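Chains as they are written, first to last, in the numbering used here: chain Y, 32 to 176; chain H, 275 to 412.
Built from N, CA and C at the ideal position, the CB exists for glycine as well.
Values in this document were obtained by computation on a predicted structure and should not be read as measured data.
Shown next, in structure tokens, is the structure this report addresses.
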């Protein structure tokens, strides 16, 4: 009789341990899903709220001594960072770029314009500049030198 | 044996309720955030659609550029960018006035904005861009 009770007790404890383990795993997975969903939500919110525009006068884009100046305006809904803007000239990625303006820490508020200097050799004729944000939001402008 | 099964089932049931609640809340937040972001994006697109500015006059002697808000959007003057011969020249703006009122930052539809600049406007390409990226040329 005592053996039977002990066995039942063992089964009970084992069943509870298994149930708690399964529950823990399920809750852990769901927490991971929730965190992932939060990350996706933030990324999507940022992407939808991001909009930039190259606001140069295309009739006369400043270019001198291999230095091209473009002006980018934050026309979206959220404050951006301008540190990681990728610049492509005629489809080619340009590595040498710098941002000149009064803002610090790379903060780029809505409605403000940043000035970018791009070191690139351009011949006379038609060209195209494309600015791409880290979340792939971009703007393109054609111009003539 | 029956008690073991019942207790285990109860634990898993409680865990399932917790998981369901968490996921439901997360999906609800996701949907709400998406709806809010899309609404703001739609508002922005509407703003661009109803935004139109034009340069109506350039007075070279007095160095003024006169613009008309032809759209139905109220615009912010501080967000305007003025390009003179392709160079951003916001620093060259000496003063602005809307229908004769200086010191205002609001530019209502059908109002006239006069921008006075410090540099010469003789044979100058002028482009003015507002907060939505809508531009006027001269």
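Could you give the C-beta distance for residue i and residue j, rounded to a whole number, given that I count them as a contact under 8 Å?
i                     : j                     : result
residue 405 (chain H) : residue 329 (chain H) : Not confirmed; about 17 Å, so no contact.
residue 54 (chain Y)  : residue 283 (chain H) : The Cβ separation is near 11 Å, so there is no contact.
residue 332 (chain H) : residue 395 (chain H) : 6 Å
residue 176 (chain Y) : residue 162 (chain Y) : Residue 176 (chain Y) to residue 162 (chain Y), Cβ: 18 Å. No contact.
residue 160 (chain Y) : residue 118 (chain Y) : 7 Å
residue 106 (chain Y) : residue 82 (chain Y)  : 5 Å
residue 58 (chain Y)  : residue 291 (chain H) : Contact flag wrong, Cβ pair sits at about 11 Å.
Since residue i is in the alpha helix (DSSP H), which residue starts that stretch and which ends it?
i                     : result
residue 355 (chain H) : Not the alpha helix (DSSP H): residue 355 (chain H) falls in the beta strand (DSSP E), residues 355-358.
residue 143 (chain Y) : Residue 143 (chain Y) -> no alpha helix (DSSP H), and no H or E assigned at all.
residue 303 (chain H) : 276-323
If I measure Cβ to Cβ from residue i and keep anything under 8 Å in the same chain, skipping five residues before and after, which residues do I get?
i                     : result
residue 300 (chain H) : none
residue 86 (chain Y)  : 102, 103, 104, 144
residue 366 (chain H) : 356, 358, 391, 392, 393
residue 352 (chain H) : 379
Under DSSP, the beta strand (DSSP E) around residue i begins and ends at which residues?
i                     : result
residue 98 (chain Y)  : 98-105
residue 210 (chain Y) : Nothing about residue 210 (chain Y) can be reported from this structure: the residues present for chain Y run from 32 to 176 only.
residue 402 (chain H) : 400-403
residue 394 (chain H) : That residue, residue 394 (chain H), is in no beta strand (DSSP E); it is neither H nor E in DSSP.
residue 343 (chain H) : 338-343
residue 215 (chain H) : As displayed, chain H neither begins before 275 nor continues past 412, which places residue 215 (chain H) out of reach and without an answer.
residue 367 (chain H) : 367-372
Excluding the 5 residues flanking residue i on each side, which residues of the same chain have their C-beta closer than 6 Å to its C-beta?
i                     : result
residue 325 (chain H) : 345, 347, 406, 408
residue 65 (chain Y)  : none
residue 111 (chain Y) : 105, 139
residue 93 (chain Y)  : 100
residue 165 (chain Y) : 115
Where does residue i fall in DSSP's three states?
i                     : result
residue 128 (chain Y) : strand
residue 328 (chain H) : strand
residue 87 (chain Y)  : coil
residue 167 (chain Y) : coil
residue 54 (chain Y)  : helix
residue 349 (chain H) : strand
residue 43 (chain Y)  : helix
residue 79 (chain Y)  : helix
residue 382 (chain H) : coil
residue 118 (chain Y) : strand
residue 108 (chain Y) : coil
residue 363 (chain H) : coil
residue 49 (chain Y)  : helix
residue 153 (chain Y) : coil
Here's the rule: buried if 16 or more other CB atoms are within 10 angstroms of the residue's CB, otherwise exposed. What is residue i?
i                     : result
residue 113 (chain Y) : buried
residue 424 (chain H) : Beyond the ends of chain H as shown, which are 275 and 412, falls residue 424 (chain H); an answer cannot be given.
residue 387 (chain H) : buried
residue 98 (chain Y)  : exposed
residue 349 (chain H) : buried
residue 84 (chain Y)  : buried
residue 285 (chain H) : buried
residue 401 (chain H) : buried
residue 60 (chain Y)  : exposed
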